[in-house]
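If you're matching them up, the sequences are chains A and B in order.
Take numbering that gives the first Met the number 0: the final residue in the first sequence is number 269, and no numbers are missing along the way.
Take numbering that gives the first Met the number 0: the final residue in the second sequence is number 390, and no numbers are missing along the way.
I have placed the structure first, in the form of structure tokens, so that the comments after it can refer back to it.
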Amino acid sequence: MSKTILCQIKRADSPYYIEDIDLYVYSIEELCYFLCNNLNLVDVTFFGAALLDWLGADLQMAHLVKTLNRILDEEENPSAEEMILAVVREIRWLDREEEKKLIGQMETLAARPYPVRRKLRADALVTHQKYTRAIATYTGILRYRKETAASEEEGAAVKDNLGEQFDGMVWHNMGVAYAKLFQFDEAAECMKRANELCYSHTTLVNYLFCVRLGKGEEAFEKLADELGVDGQTRQKMEAEIENVRFPGFPENIRETINRWVHEYHRQTGL
Amino acid sequence: MGVRNLTVGIDLGREQPQLCYYEASSDKTITAPMKIGNENVSFGEILEEIELMNSNPTSDLTVAEEQNRRLSGEIADVLLRSMKTLGIKEPKEEVAGIVITVPKLTKPYVSLIRSVYERVGIEHGRGYLQDYNESFYYHTFYQKKELWSRNVGFFLFEDRSVSFLSLEMNQQTRPITVKPVEGMEITLANEKMLWDDQFYKMVNASLRQNIYSSIFLMGDTFDKNWAARSTALLCKGRRKVFVVDNVFARGACCAAREKVLKKQLSDYLYLGGDLVRENIGMQMVVQGTEVYYPLISAGVNWYEAEKTCECILVGEPELRFLVSGMNDRRQRSFRMELPQLPERPDKTTRLRVSISYESPNRCLIEAEDLGFGDIYPASGLVWREVMEEDK
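Written out as structure tokens, the structure reads:
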């Protein structure tokens with residue numbers, strides 16, 4: 000059985016560009032869909048002047064703009080949650096159950112410590128292949144952690160109960176982002192820090208892979224010896240490397256290179 | 000050029016087309032044959048070509064479009080020049096509404112007249128079209144009420160053929176419905192001396208015992224010199240009888256007045272043969288509430304019954320339409336499948352749904368996959384379905 004939802008607002012001729020994930024949205028429905036499915040990426044700065052201008056001029060949604068401006072002007076600390084709800088409620092994008100679920104998700108997210116929320120954002124950026132932005136966010140988290148640790152010692156900041164394990168995960172995911180950009184030296188450095196903070200099988204293996212890809216087989220063997228990696232793990236890693244298939248030469252080199260260049264620009268924002 | 004607020008009616012079907020216009024400021028209606036300077040104009044050849052298109056419709060859309068483009072260009076050119084002759088120099092500025100009338104509306108006629116309006120610069124909402132029967136309705140109902148308080152009859156003489164049309168009102172309904180009823184047709188004999196007897200019998204059979212407030216006659220063939228007996232029968236019982244020459248052009252002009260200037264017939268509903276007799280709608284979520292969303296309302300002419308909307312699909316790849324008759328509340332469901340629609344998460348398929356008519360009982364539904372912006376690009380798929388009226 001199907002259901003249809005009437006679109007009462009015309010699609011815009013000029014789209015709104017969501018820079019974070021390099022996405023153009025043309026309709027209020029697309030914007031609602033993005034908001035509901037990317038809570039980690041949306042904070043109050045998302046609702047900037049450019050978005051409000053687009054909503055007012057291109058989608059002709061003066062009432063919604065008024066509501067968003069009211070929230071921004073009247074509230075001391077306007078929240079992204081309130082802004083998101085204002086948008087989805089304007090066209091009743093969600094039914095009661097769906098809205099309840101969304102509110103629950105937003106509450107869960109809001110209850111998490113600030114560094115965790117930032118990490119979720121950075122992880123989402125990695126998922127959307129926006130690696131440079133993700134790296135900047137991970138770096139920001141680590142800086143923030145360092146600064147707050149100092150403040151906590153002085154008793155100026157509230158403890159967020161996040162241990163070294165959390166920092167290790169941040170280093171690890173930053174390493175993944177660097178590796179996706181083929182910057183294996185930086186990736187190896189991150190993995191090393193990750194491995195030091197949360198010594199786990201995954202961080203160890205990823206650290207070794209990054210060294211192997213960045214510095215070669217000899218450096219890999221040497222490091223494996225230094226870290227006392229057992230034979231079984233080494234064998235598994237070798238098997239994994241051997242299973243990597245050579246992709247072959249693309250049929251249309253020019254087209255493929257252009258695609259890679261485009262992807263690189265997308266991923267780095269350069 | 001100042002705004003003249005003219006309403007114009009044009010009868011394209013005559014050997015010599017007629018134009019009738021009404022100027023609101025002077026409250027005057029003027030009817031004149033269409034001319035360019037002193038030269039008469041005729042659309043005879045064009046209309047013949049249209050008739051050929053009606054009887055042998057081409058399946059090649061390019062050919063039909065090219066033909067439509069050529070013919071509409073010719074008509075628009077003549078129309079502009081003959082309007083200029085009558086002092087209407089800037090139809091785009093001076094005309095508030097225009098109705099073109101032809102004997103019977105078919106798809107080629109509708110496309111042609113719409114293209115003519117486009118070329119003349121008359122946008123949708125100012126340019127209309129209707130058939131002769133509807134023009135007769137407007138012509139009649141824009142007369143004094145005493146002339147149409149009961150049935151109204153109309154005899155049309157075209158060479159030696161005579162046809163009868165009556166307007167029958169149902170005062171029990173609200174709005175009051177007015178139905179055109181086509182009556183008998185005869186062909187007058189070669190010998191003129193037999194005509195009066197033939198026509199007398201036709202009048203007798205057509206009017207029977209029914210009460211008629213007025214009778215209109217039109218056509219060059221009619222002349223009371225040969226129709227003494229039949230004229231007496233027509234006038235029997237103080238029936239008002241009029242011999243007129245501009246029923247359709249004037250009726251079209253009155254229709255234009257009704258549509259764009261003042262609604263003086265809002266208590267009446269004309270139930271012509273071109274009316275769509277079914278309501279079509281969909282169950283849609285509008286502002287969070289599931290409601291019946293009307294797409295086509297019964298009671299509009301098929302060539303004016305059009306609707307396009309966009310919706311988001313949730314669930315199965317199908318559209319469901321709810322169809323109900325004009326007078327009964329019985330509803331039937333019409334399901335349109337959308338095969339090969341790409342699988343996407345719920346609420347990420349936007350569809351454009353367009354409804355139009357090919358004839359009063361043949362509805363065309365078109366659905367186009369618009370995708371969901373850059374998140375899920377459009378597949379470009381278009382589905383078409385024909386829905387016939389449930390008889």
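Ideal Cβ placement from N, Cα and C applies to all residues, glycine included.
Under a Cβ-count criterion, where at least 16 other Cβ atoms within 10 Å of its own Cβ denotes burial, should residue i be classed as buried or exposed?
| i | result |
| --- | --- |
| R361/B | exposed |
| Y113/A | exposed |
| I74/B | buried |
| D345/B | exposed |
| M0/B | Note that M0/B scores a pLDDT of 42, beneath 50, so its modelled location is shaky; the value from the coordinates is reported in the next line. Per the 10 Å Cβ criterion, exposed. |
| H261/A | exposed |
| P56/B | exposed |
| K27/B | exposed |
| R69/B | exposed |
| K262/B | exposed |
| H200/A | exposed |
| W259/A | exposed |
| Q15/B | exposed |
| T347/B | buried |
| H171/A | buried |
| Q286/B | exposed |
| D166/A | buried |
| Q266/A | buried |
| M325/B | exposed |
| V243/A | exposed |
| I240/A | exposed |
With a Cβ-Cβ cutoff of 9 Å, do residue i and residue j count as a contact?
| i | j | result |
| --- | --- | --- |
| Y130/A | L67/A | no |
| F198/B | I185/B | yes |
| L294/B | V352/B | yes |
| N39/A | L141/A | no |
| V322/B | D368/B | no |
| L93/A | M82/A | no |
| T3/A | L312/B | yes |
| R334/B | R349/B | no |
| Y211/B | S162/B | no |
| E98/A | L84/A | yes |
| E93/B | N4/B | yes |
| L58/A | I17/A | no |
| E305/B | I364/B | no |
| I45/B | P90/B | no |
| A238/A | C209/A | no |
| D273/B | E145/B | no |
| E309/B | L54/A | no |
| A248/B | D76/B | no |
| V109/B | Y302/B | yes |
| L18/B | S81/B | yes |
Assuming the contact rule is C-beta atoms closer than 8 Å, residue i and residue j should be a hit. Round their C-beta distance to whole Å, please.
| i | j | result |
| --- | --- | --- |
| T84/B | G36/B | 6 Å |
| T236/A | L207/A | According to the sequence provided, residue 236/A is Met. The question's Thr does not apply to it. Rounded, the Cβ-Cβ distance is 7 Å, consistent with contact. |
| Y356/B | V284/B | About 27 Å separates the two Cβ atoms, so there is no contact after all. |
| V115/A | L34/A | Actually they do not touch by this definition, with Cβ atoms about 20 Å apart. |
| M173/A | C197/A | Not a contact, Cβ separation roughly 14 Å. |
| N67/B | L111/B | 6 Å |
| R117/A | G268/A | That belief does not hold up - the Cβ atoms of R117/A and G268/A are roughly 18 Å apart, past 8 Å. |
| N189/B | L232/B | Incorrect: roughly 23 Å between the Cβ atoms, too far for contact. |
| G213/A | D184/A | 5 Å |
Which residue or residues does DSSP assign as beta-bridge partners of residue i?
| i | result |
| --- | --- |
| D196/B | Paired residue(s): none; D196/B is not in a bridge. |
| H123/B | G126/B |
| D373/B | F371/B |
| F165/A | None, per the DSSP bridge assignment. |
| K118/A | None; K118/A has no bridge partner. |
| K214/A | According to DSSP, K214/A bridges with nothing at all. |
| W382/B | A366/B |
| K30/B | The sequence as given places Thr at residue 30/B; Lys does not occur at that position. Bridge partners of T30/B: C19/B. |
| R349/B | I311/B and G370/B |
| R331/B | V322/B |
Listing by chain order, which chain D residues have their CB less than 7 Å from the CB of residue i?
| i | result |
| --- | --- |
| V24/A | Among the protein chains of the structure shown, namely A and B, there is no chain D. |
Examine the ligand ADP and report whether any of its heavy atoms sits within less than 8 Å of the Cβ of residue i.
| i | result |
| --- | --- |
| Q164/A | Looking at this structure, you won't find the ligand ADP or any other ligand, since it has none at all. |
Evaluate the contact criterion for the stretch 171–190 of chain B versus the stretch 255–271 of chain B: three or more CB pairs, one atom per stretch, below 8 Å. yes
On the three-pair Cβ rule with 8 Å, is the stretch 123–137 of chain B touching the stretch 92–107 of chain B? yes
Contact between the stretch 133–143 of chain B and the stretch 235–253 of chain B: three or more CB pairs below 8 Å? yes
Any contact between the stretch 156–171 of chain B and the stretch 204–224 of chain B? By contact I mean 3 or more CB pairs, one from each, below 8 Å. yes
For the stretch 290–307 of chain B against the stretch 199–209 of chain B, do three or more pairs of beta-carbon atoms, one drawn from each stretch, fall closer than 8 Å, so that the two count as touching? no
With three or more beta-carbon pairs closer than 8 Å as the criterion, would you say the stretch 23–33 of chain A touches the stretch 372–386 of chain B? yes
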